[in-house]
Amino acid sequence: MSTRQGKLAINDLEVARGGRVLVSRLNLQAMPGELIALRGPSGSGKTTILRAIAGLDPFQNGTIEVGDAKLEGGRRPDPSMWQRLHRSVGLVFQFHCLFEHMTALQNVCLAPVHVHGASSREAEQQARELLAELGIDARAGALPRELSGGEAQRVAIARALAVDPPVLLMDEPMASLDPSRRADLCVLLQRLTATGRTLLVTTHDDLFARNFATRVLTIEDGRVVQPT
Amino acid sequence: MAALIRIATTLIFVLAGCAAAGAQTAGPASSAPNPAAKILRWAGDAEGGAPYVEADPADPSRVVGFDVEVADLIAAGLGRAPQFIEIAFASIDQSIGRGDADIALSGIEDTSTHRSNFAVTVPYYRFREVLSVRDADARRIRSLADLRGRRVGTLGGTIAYEILLKAERDYGLVAVSYEDDVHPYSDLIIGRLDAVLLDNVLAERRHRTASGFVTHPEPVAVSQYIGLMAPPSAALRDRVNEILKQAMRDGRLEAIFRKWKIWNDDQPALFAQVLKGTPIPAVDGYEGFDGDSVATLSHWNAAKRYLPSLLRASVVTLVFSCASMLLAVALGVGIATGRVYGDRLVRALLTGYVELIRGTPILLQLFVLYYGLAAAIRLPAWMAALLGLGLNYAAYESEIYRSALLAVPIGQLEAAKTLGFTRLQTLRLIRGPQAFRLALAPMTNDFVALLKDSSLVSVLTVVELTKQTQILATNLGSWVIPGALCAALYLAMSLPLAAVARMLERRWRWATV
């Protein structure tokens with residue numbers, strides 16, 4: 001797994017919808033190789049933060065710098081900025097959101113071929129390596145509906161890693177896993193950070209946050225209440 | 229909900245009341261309603277218009293015309309009150325056969341089929357099948373023999389159409405069947421046709437309101453109008469014949485024809501023949517034609533004779549349906565994509581199109597395309613039919629595709645966005661393929677529906693399977709064998725499609741779970 005250095009800097013981030021403030025004056029500087037856990041009750045704004053960083057939702061104030069992309073509050077990024085953003089950050093959704101009409105292998109190959117211009121052979125070889133590294137190469141030909149929750153999650157991680165983003169965002173990765181699978185995932189996340197990749201992970205799992213995160217931010221009502 | 233039911237119930241009662249009132253006022257005002265008197269139910273087609281039967285311009289609840297007055301005359305002779313029943317010209321034979329009316333009088337032609345399948349009155353008016361051509365062609369085109377390779381229009385299911393079908397074989401002209409007797413002349417004037425063959429009564433009527441064409445006086449054939457009754461009505465027929473003969477003798481029939489300006493030298497000769505009892509042959513073609521009329525063949529032999537034309541018409545139906553569906557799919561995909569991805573203006577325009585098409589009858593759309601736009605764009609019939617079906621089904625297809633596009637989970641679209649796919653790439657690689665799987669089964673069902681709806685294009689002179697069946701049934705005087713053959717051919721085309729739809733549904737069921 002090759003990586004670039006994962007830089008993430010959030011300054012005074014504010015996200016509001018319909019007059020309701022979801023995230024208020026959030027500041028976060030992440031060093032390459034960090035695994036930062038965002039914890040807090042449901043509805044506290046954890047997922048909103050990830051979506052703002054990934055460019056899925058607009059935000060009103062503040063700045064987000066990811067890799068060599070910079071998003072500013074209240075301004076729509078131009079196409080080149082989008083391109084830089086999508087090369088810099090990957091997002092693994094809580095419910096995986098795999099492309100239902102494609103096999104696991106095709107899910108992983110699609111972006112390298114059509115977004116980054118890799119050849120099909122090159123993309124397939126890299127995808128097989130990724131799937132093998134994540135322990136699901138035997139399921140390469142399976143459709144998403146044929147995968148278990150844990151398998152689907154690892155395919156979603158492989159899909160995000162296939163374009164080699166220096167920053168990886170993960171929304172509730174522990175939610176659907178049994179204890180042994182959680183342990184496997186923790187080991188995997190540590191391997192991902194070992195080469196300088198930055199991980200920002202939302203979770204309700206205090207044990208995971210305590211044992212594996214380099215930092216834990218507790219979010220309540222859109223604010224960081226307990227930086228560790 | 230209760231309020232809705234009340235409104236619906238009220239509407240049903242109001243409509244039923246209007247229908248009942250309409251039935252009572254549809255009869256001619258020449259005789260006052262008398263509940264004690266017996267009724268003579270007589271059938272005609274007011275759409276055929278003057279001078280036969282038409283809604284009175286001064287009071288559209290009444291009908292007027294020479295056939296109305298002949299019906300009055302017969303009813304008076306029978307001591308009954310006439311009651312008019314509106315029946316489309318093409319359906320009159322079948323309606324009389326099933327007893328919807330006692331007698332039909334609406335320019336009914338004296339053919340072998342009518343004589344062999346019905347009780348017919350003595351002929352009461354002689355007409356000529358005459359050829360009309362554009363002014364510029366008057367000297368060049370004088371007979372059917374001059375029309376090789378040219379299009380000649382007439383009313384379907386008539387002697388004139390039979391004549392043209394035979395002339396197709398003899399002279400190589402192209403027979404074009406119309407549902408009415410007005411549009412053949414308008415199409416002749418604007419150049420869609422090269423000639424029209426119809427009764428002199430119809431040609432003279434059209435000359436009063438349109439110019440740009442001439443009618444050659446020499447007849448292609450001569451025939452008569454008769455009254456049509458169901459076979460068991462022989463006793464009634466004999467009484468009606470006596471009434472008609474008496475009216476020929478005492479000049480009442482002549483007075484009616486003079487009043488409607490259709491009296492000519494042919495009529496005294498006809499009256500003389502009728503009164504003298506001279507046999508008057510039925511007419512099924514032009515002079516010199518030596519083929520058999522289908523009316524003289526057994527139904528099975530006649531059906532066998534028509535089978536090749538039914539098979540050809542099936543090919544027309546299939547080709548039209550496939551081409552229209554291709555157009556509908558292409559346009560439907562464009563409309564659906566525009567409604568999902570377009571800006572507000574594009575969405576408003578496309579929504580307007582879909583609602584306009586879904587909110588108006590397809591028949592109206594076909595008429596507007598073919599006749600309404602003729603002054604600006606003179607589309608050939610096949611193209612107007614293809615466009616009409618394609619544009620209509622595109623609106624319905626677009627709704628299927630739009631809902632299929634919206635059914636693809638938004639999470640997948642967001643995943644595509646975070647991976648860097650453009651909207652077009654997302655549509656092409658992720659959303660489109662999944663939407664296609666969802667849309668395929670309803671789309672196949674729509675194709676089966678279109679296959680059957682293609683019968684509507686017969687109003688634009690395209691002879692497809694249903695129209696060809698109607699022609700066969702009219703000539704046979706029965707719908708049993710033609711209907712069975714037609715149904716078998718439609719099933720042969722639609723059952724494989726239904727099987728494909730089921731197979732695809734099974735194969736891609738996962739896409740919807």
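Respectively, the protein sequence lines represent chains C and G. What the first sequence shows, in this note's numbering, is residues 1 to 228, in sequence order. What the second sequence shows, in this note's numbering, is residues 229 to 741, in sequence order. Using N, Cα and C, we set each Cβ at its ideal position, and we do this for glycine too. If you're wondering where the values come from, they're calculated on a predicted model, not measured in any experiment.
Backbone secondary structure at residue i - three-state DSSP
i: R84 of chain C; result: helix
i: V292 of chain G; result: strand
i: K394 of chain G; result: helix
i: T63 of chain C; result: strand
i: M553 of chain G; result: helix
i: T506 of chain G; result: coil
i: N673 of chain G; result: helix
i: A278 of chain G; result: coil
i: D273 of chain G; result: coil
i: M174 of chain C; result: coil
i: Q593 of chain G; result: helix
i: L26 of chain C; result: strand
i: F317 of chain G; result: helix
i: E692 of chain G; result: coil
i: L607 of chain G; result: coil
i: R223 of chain C; result: strand
i: A254 of chain G; result: Because A254 of chain G sits at a pLDDT of 39, beneath the cut-off of 50, its placement in the model cannot be relied upon, and the following sentence gives the value as read from the coordinates. It is coil, neither helix nor strand.
i: V687 of chain G; result: helix
Proximity of residue i and residue j at Cβ, strictly below 9 angstroms
i: S180 of chain C; j: Q153 of chain C; result: no
i: A213 of chain C; j: I36 of chain C; result: yes
i: A40 of chain C; j: T198 of chain C; result: The sequence given here places Gly at residue 40 of chain C; Ala does not occur at that position. Cβ atoms of G40 of chain C and T198 of chain C: not closer than 9 angstroms.
i: V511 of chain G; j: I387 of chain G; result: yes
i: G419 of chain G; j: R367 of chain G; result: no
i: I301 of chain G; j: A475 of chain G; result: Looking at the sequence shown, residue 301 of chain G is not Ile but Leu. Yes, the pair counts as a contact, with Cβ atoms nearer than the cut-off.
i: E692 of chain G; j: A541 of chain G; result: yes
i: V502 of chain G; j: L306 of chain G; result: no
i: A287 of chain G; j: Y453 of chain G; result: Reading off the sequence shown, one finds Asp at residue 287 of chain G, where the question assumed Ala. In this structure, Y453 of chain G does not lie closer than 9 angstroms to D287 of chain G by Cβ.
i: L763 of chain G; j: G616 of chain G; result: The requested residue 763 of chain G is not part of the displayed model; chain G covers only 229 to 741.
i: L679 of chain G; j: Y624 of chain G; result: no
i: A196 of chain C; j: V15 of chain C; result: Reading the sequence as shown, one finds Gly at residue 196 of chain C and not Ala. Result no, Cβ atoms of G196 of chain C and V15 of chain C do not sit closer than 9 angstroms.
i: A635 of chain G; j: L668 of chain G; result: no
i: F675 of chain G; j: M553 of chain G; result: yes
i: L393 of chain G; j: A403 of chain G; result: yes
i: L22 of chain C; j: I64 of chain C; result: no
i: L38 of chain C; j: T193 of chain C; result: no
Selected residue, minimal CA-CA separation from residue i, among the options
i: G18 of chain C; options: C:P58, C:I10 and C:S120; result: C:P58
i: I331 of chain G; options: G:I709, G:Y353 and G:D295; result: G:D295
i: P165 of chain C; options: C:S24, C:A54, C:G135 and C:G150; result: C:A54
i: L98 of chain C; options: C:S88, C:V89, C:A111 and C:H86; result: C:A111
i: I490 of chain G; options: G:M731, G:T588 and G:L430; result: G:L430
i: Q106 of chain C; options: C:K70, C:P144, C:E133 and C:S80; result: C:P144
i: E357 of chain G; options: G:N345, G:V292 and G:V450; result: G:V450
i: L85 of chain C; options: C:L168, C:E34 and C:E172; result: C:L168
i: R477 of chain G; options: G:Q593, G:R326 and G:A500; result: G:A500
i: L56 of chain C; options: G:F548, G:F355, G:S722 and G:A643; result: G:A643
i: S88 of chain C; options: C:I157, C:P79, C:G6 and C:D12; result: C:G6
i: D427 of chain G; options: G:S360, G:R397 and G:A395; result: G:S360
i: T382 of chain G; options: G:L401, G:D365 and G:A364; result: G:L401
Status (buried if at least 16 other CB within 10 Å, exposed otherwise) for residue i
i: A257 of chain G; result: For A257 of chain G, the predicted structure reports a pLDDT of 37, less than 50, and the residue's modelled location is therefore unreliable. A value from the coordinates is still provided. Under this definition A257 of chain G is an exposed residue.
i: P351 of chain G; result: buried
i: G245 of chain G; result: In this prediction, G245 of chain G has a pLDDT of 40, which is less than 50 and means its spatial position is unreliable; what the coordinates show is noted afterwards. The residue in question, G245 of chain G, is exposed, as its Cβ has fewer than 16 Cβ neighbours within 10 Å.
i: G377 of chain G; result: exposed
i: N620 of chain G; result: buried
i: N345 of chain G; result: buried
i: R567 of chain G; result: buried
i: L421 of chain G; result: buried
i: Q60 of chain C; result: exposed
i: I10 of chain C; result: buried
i: V543 of chain G; result: exposed
i: A264 of chain G; result: Caution is warranted here: a pLDDT of 40 is assigned to A264 of chain G, below 50, making its placement in the model unreliable, and the coordinate value is therefore given only provisionally. By the neighbour-count rule (16 or more Cβ atoms within 10 Å), A264 of chain G is not buried but exposed.
i: E146 of chain C; result: exposed
i: M731 of chain G; result: exposed
i: T646 of chain G; result: buried
Cross-chain neighbours of residue i in chain A, by beta carbon under 9 angstroms
i: C109 of chain C; result: No chain A is present in this structure, whose protein chains are C and G.
Q | Completely contained alpha helix (DSSP H) runs for the stretch 423–489 of chain G, where each covers 4 or more residues | A | 428–437, 462–478 and 480–487
Q | Complete beta strand (DSSP E) runs within the stretch 326–376 of chain G (minimum length 3 residues, chain order) | A | 353–362
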